[in-house]
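Numbering (my numbering) for the sequence shown: 188 to 288.
Where a beta carbon is used, it is the ideal one built from N, C-alpha and C, also for glycine.
Predicted model, so just to flag it, every value in this text is computed and none were measured.
Here's the structure, in C-alpha cells; my notes come after.
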Amino acid sequence: MFRNISAWHVIIVLLVVVLLFGAKRLPDLAKSVGQSMKIFKNEVKDLRNDETPATPSAPVPPAGVTPVGAPPVVPPVVESKYVTPVRPVEEPSEGHAPPKV
Numbered sequence: 188m189f190r191n192i193s194a195w196h197v198i199i200v201l202l203v204v205v206l207l208f209g210a211k212r213l214p215d216l217a218k219s220v221g222q223s224m225k226i227f228k229n230e231v232k233d234l235r236n237d238e239t240p241a242t243p244s245a246p247v248p249p250a251g252v253t254p255v256g257a258p259p260v261v262p263p264v265v266e267s268k269y270v271t272p273v274r275p276v277e278e279p280s281e282g283h284a285p286p287k288v
C-alpha cells in the first residue's frame with residue numbers, strides 16, 4: 188500500500204499539515220502527541236505486567252473439589268440498580284384531578 192511513496196509525497200503531506208494547523212500550533216501538537224504516546228506505552232507496559240501470573244504460595248485444589256471443613260460457596264444475589272418499582276395505575280374518581288407523580 189505504501190510502496191510507491193516518494194519524498195515528494197511526504198513533502199506535500201507535511202505542507203498540507205502546516206497549512207491546516209499553522210506553524211505556531213505544530214510544536215504544541217507534537218508535544219501533546221509525544222505525551223499521549225508516553226502514556227500509552229506506560230499503560231501497555233502495566234497491562235503486560237498485570238498479565239504475568241504470580242507464583243501461587245499454596246497449591247490450588249482442582250476445580251469442583253471442596254476442602255474438608257470449608258463452608259459451601261453460595262453465589263451472591265445481585266440486585267439491579269436500574270429496575271424501578273412499578274406502581275399500579277389508579278383510575279381517577281369523578282371530580283378529582285389525577286395524582287401528581
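*Start and end residues, alpha helix (DSSP H) containing Gly221*: 213-238
*Along the chain, where does the alpha helix (DSSP H) that runs through Val197 open and close?*
194-208
_At the level of alpha carbons, what is the spacing between Glu230 and Glu238?_
12 angstroms
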